[in-house]
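A.B. asks: Take the sequence shown: its letter number 153 is residue 153 in full-length UniProt numbering, and every next letter is one higher. Don't be surprised by glycine CBs; every beta carbon is placed ideally from N, CA and C.
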Amino acid sequence: MANKSSNESSETIDNEFSVYAPRPGNIEETGLSINLLLELLIKHIYRAGVIDLQQLSKDLSLSGSIVKLLLDEAKQKTWVENPSSADNGQFRYTLSNIGVLEAEKAFLKRGYLGPAPIPLEQYQRVTQIQSNRTQALTEQQMRDGFADLVFPDEVIGSVGPALNSTKPILIYGGAGTGKSYFCRHLNRLFGETVLIPYAIEINNEIIQVFDPELHHVQEAASMFNDPTISALKIADGYDPRWLACERPLLVTGGELTLSMLEVQFDNASRCYLPPIQLKANNGILFLDDLGRQRVTPKELFNRWILPLEERRDFLALQNGQHFEIPFELLLLFSTNLTPQELIDDAFLRRLGYKIQFQPLSQKLYEQIWFMECERFELECDSDCFVYLINSLHKTREKPYLACYPRDILSIVRDQVLFKNLPNRVTKDLINFAWHSYFVA
1 MANKSSNESS ETIDNEFSVY APRPGNIEET GLSINLLLEL LIKHIYRAGV IDLQQLSKDL
61 SLSGSIVKLL LDEAKQKTWV ENPSSADNGQ FRYTLSNIGV LEAEKAFLKR GYLGPAPIPL
121 EQYQRVTQIQ SNRTQALTEQ QMRDGFADLV FPDEVIGSVG PALNSTKPIL IYGGAGTGKS
181 YFCRHLNRLF GETVLIPYAI EINNEIIQVF DPELHHVQEA ASMFNDPTIS ALKIADGYDP
241 RWLACERPLL VTGGELTLSM LEVQFDNASR CYLPPIQLKA NNGILFLDDL GRQRVTPKEL
301 FNRWILPLEE RRDFLALQNG QHFEIPFELL LLFSTNLTPQ ELIDDAFLRR LGYKIQFQPL
361 SQKLYEQIWF MECERFELEC DSDCFVYLIN SLHKTREKPY LACYPRDILS IVRDQVLFKN
421 LPNRVTKDLI NFAWHSYFVA
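(1) At what residue ranges does the segment 287-345 contain a whole run of the beta strand (DSSP E), taking only runs of 3 or more?
(2) Take N319 as the anchor and find which of Q122, N132, K109 and I368 has the nearest alpha-carbon.
(3) Any heavy atom of the ligand GTP closer than 8 Å to the CB of K427?
(4) Under 6 Å Cβ to Cβ from R294, same chain only, skipping five residues before and after it: list those, please.
(5) Look up G176 in the DSSP assignment and say whether it is helix, strand or coil.
(6) Contact defined as beta carbons within less than 8 Å: I believe V263 pairs with L329. What is the distance between those atoms, to the nearest angstrom?
(7) For D226, count the other beta carbons within 10 Å of its own beta carbon; 16 or more makes it buried, fewer makes it exposed. Which is it?
(8) Taking DSSP's pairing of strands, which residues face Y353 in a bridge?
(9) Do three or more CB pairs link the segment 191-208 to the segment 101-121 at distances below 8 Å?
(10) I think R241 touches S61, with their Cβ atoms under 8 Å apart; what is that distance to the nearest whole Å?
(11) Could you check the C-alpha separation between A402 and S334 for me, to the nearest Å?
(12) I need the DSSP call for D59, collapsed to helix, strand or coil.
(13) Along the chain, which unbroken stretches of the alpha helix (DSSP H) at least 4 residues long are found entirely within the segment 13-82?
(14) I need the DSSP call for D211, collapsed to helix, strand or coil.
(15) Excluding the 5 residues flanking L306 on each side, which residues of the same chain have their C-beta closer than 8 Å to its C-beta?
(16) Residues in the same chain with beta-carbon distance under 7 Å from L40, minus the five sequence neighbours each way, listed in chain order, please.
(17) Identify every residue that forms a DSSP beta bridge with D266.
(18) Taking Q277 as the reference, give the member of M142, P248 and K167 with the closest Cα.
(19) DSSP state of R241, grouped into three classes?
(20) Report the residue ranges of all alpha helix (DSSP H) runs contained in full by the segment 109-166; include only those spanning at least 4 residues, in chain order.
(21) Once you ignore the five residues that flank L250 on each side, which residues in its own chain have a CB closer than 8 Å to its CB?
(22) Check this for me: beta carbons of N164 and L137, under 9 Å apart or not?
(23) Quick check on W369 - is its C-beta less than 9 Å from some C-beta in chain C?
(24) Spatial neighbours of P359 within its chain, please: CB distance less than 7 Å, with the 5 preceding and 5 following residues excluded, ordered by chain position.
(25) Take N272 and list the residues in its own chain whose beta-carbon comes closer than 6 Å to its own, dropping the five residues that flank it on each side.
(26) In the DSSP assignment, the beta strand (DSSP E) including E201 goes from what residue to what residue?
(27) What does DSSP give as the partner residue(s) for E246 in the beta ladder?
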């Protein structure tokens, strides 16, 4: 996998990924049937009305030479015509009357319209190669990764080995102790770029995988997307049906249902949608607030017993066809409940690591307080912080929770803006914020 850095070139990524995801040079090397490729081809032409070879090549994420072969086949079937040429000299293609009927039939069969998918076998192989189990974190890497955040040493010392185990991790503790915040920043430790497919193909059925809100693209195949290079050229580099992305971090909470763990068929779009574990492959799947979902923890763990133990999952399409995908992800659970309140000992043993988050020490709380002051652009002297501790926290027996500085100072900032005050924390503002924040 490619290590992400500021000076990382797309050529370096191309070379590394091309070893295990090479660019196909002909129809056979795509791993897809010609019928499926023709179906996608005429659907793209149908949508565009009139289109040239270069745009078709980009839409399908296939080299121009492959698309040209598909166009020749479609012309033999009298589906496609090329009545005109564009200013750049390329032929422009459109559908014949027969081609229009074939495209409409294709849309009724499958609604997917996008780049050509990756065959399941290739997806399985590449996902296993990119497993985050292949790298180990060191204590220094953990500290460097969280250098701008404040957490107790014991948290760093516990989470690091847990991540290296690649076993599921249960993080528990009271509300406001920083569990969710910590988990949402774990992805920064895995600085690799991985390949995510636009879609995968299972016996001519297509499941869309790429989600732009989840999968953050890092680099594109430079030659394929360079408009100065002819689409007829088969460029070196990795298969552009994959996208080079950050390792995904998928977060789900109280909205989780068992149906989200299965392939869904959307009747409106006539497209297959992936389960969350497929979208999170080669990354992190974070289930926040465990125990508050409509699905019980026991039902959830029963569903995932096999994937957790064997690192593979079995899914089914609408037609009943079953298939296997890798379960190559880090699985994190966060809860305000105690482990014993969630599930029995047998399931707890399968989780591997159970890590408790507790209120902070006064020293760490002070670090977070002044970090948040900087973030809100508020000046604050030590006397105000001492007042917060002695007159409010201690007298009211409030623990030092990681969320309090951000929440209290946000109220202070609101008051400063509303009353046009200097950007300075005062005891009066702290008092106002405190009593606005806490009910009693």
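C.D. replies: Reading it off the structure:
(1) List check, beta strand (DSSP E) in window: 312-316, 322-326 and 330-335.
(2) Here the question's residue 319 lines up with position 319 in the sequence shown. Among Q122, N132, K109 and I368, the Cα nearest to that of N319 is on K109.
(3) In the structure shown, the ligand GTP is absent, as is every other ligand, since no ligand is present at all.
(4) As a first step, residue 294 is located in the sequence shown; it is residue number 294 there, counting from the start. Same-chain partners within the cutoff: T257.
(5) Within the sequence shown, numbered from 1, the residue matching residue 176 stands at position 176. Collapsing the DSSP output to three states places G176 in coil.
(6) In the sequence shown, counting from the first residue as 1, residue 263 sits at position 263. In the sequence shown, counting from the first residue as 1, residue 329 sits at position 329. With a Cβ gap of about 17 Å, V263 and L329 do not count as contacting.
(7) Position 226 of the sequence shown, counted from the start, is the residue given in the question as residue 226. Low confidence applies to D226: its pLDDT is 46, below 50, so where it sits in the model is not reliable, and the reading given next is rough at best. With fewer than 16 Cβ atoms within 10 Å of its Cβ, D226 is classed as exposed.
(8) Walking along the sequence shown from the start, residue 353 turns up at place 353. Partner(s): I169.
(9) Contact between the segment 191-208 and the segment 101-121 is present, because at least three Cβ pairs lie under 8 Å.
(10) For this step, residue 241 is matched to residue 241 along the sequence shown. For this step, residue 61 is matched to residue 61 along the sequence shown. The C-beta distance from R241 to S61 rounds to 5 Å, short enough to meet the 8 Å contact threshold.
(11) One-based indexing of the sequence shown puts residue 402 at position 402. One-based indexing of the sequence shown puts residue 334 at position 334. Their backbone Cα atoms lie some 16 Å apart in a straight line.
(12) Within the sequence shown, residue 59 is the residue found at index 59, counting from 1. Looking at D59 - three-state DSSP - the assignment turns out to be helix.
(13) 34-48, 53-60 and 64-76, all fully within the segment 13-82.
(14) What you label residue 211 is simply residue 211 of the sequence shown in a count that begins at 1. Here D211 sits in coil by DSSP.
(15) Walking along the sequence shown from the start, residue 306 turns up at place 306. Result list for L306: R312, D313 and F314, in chain order.
(16) In the sequence shown, the residue the question calls residue 40 occupies position 40. Contacts found: L60 and A116.
(17) As a first step, residue 266 is located in the sequence shown; it is residue number 266 there, counting from the start. The partner list for D266 (beta bridge, DSSP) reads C271.
(18) In the sequence shown, the residue the question calls residue 277 occupies position 277. Residue P248 is the option with its Cα nearest to Q277.
(19) Your numbering for residue 241 matches position 241 in the sequence shown. Three-state result, R241: coil.
(20) The qualifying runs are 120-129, 139-145 and 153-165.
(21) Within the sequence shown, numbered from 1, the residue matching residue 250 stands at position 250. Cβ within range, chain order: L214, I276, K279, A280, G283, I284, L285 and F286.
(22) Taking the first residue of the sequence shown as 1, we reach residue 164 at position 164. Taking the first residue of the sequence shown as 1, we reach residue 137 at position 137. A contact, by the Cβ cut-off of 9 Å.
(23) The structure shown contains no chain C; it holds only a single protein chain.
(24) Translated into positions along the sequence shown, residue 359 becomes position 359. The answer, listed in chain order, is T177, P399, Y400 and L401.
(25) Position 272 of the sequence shown, counted from the first residue, corresponds to residue 272. Reading the sequence as shown, one finds Tyr at residue 272 and not Asn. Closer than 6 Å at the Cβ level, and outside the excluded window around Y272, lie I207, V263 and F265.
(26) Position 201 of the sequence shown, counted from the start, is the residue given in the question as residue 201. For E201, the enclosing beta strand (DSSP E) starts and ends at A199 to I202.
(27) Taking the first residue of the sequence shown as position 1, residue 246 is located at position 246. Its beta-bridge partners are T193.
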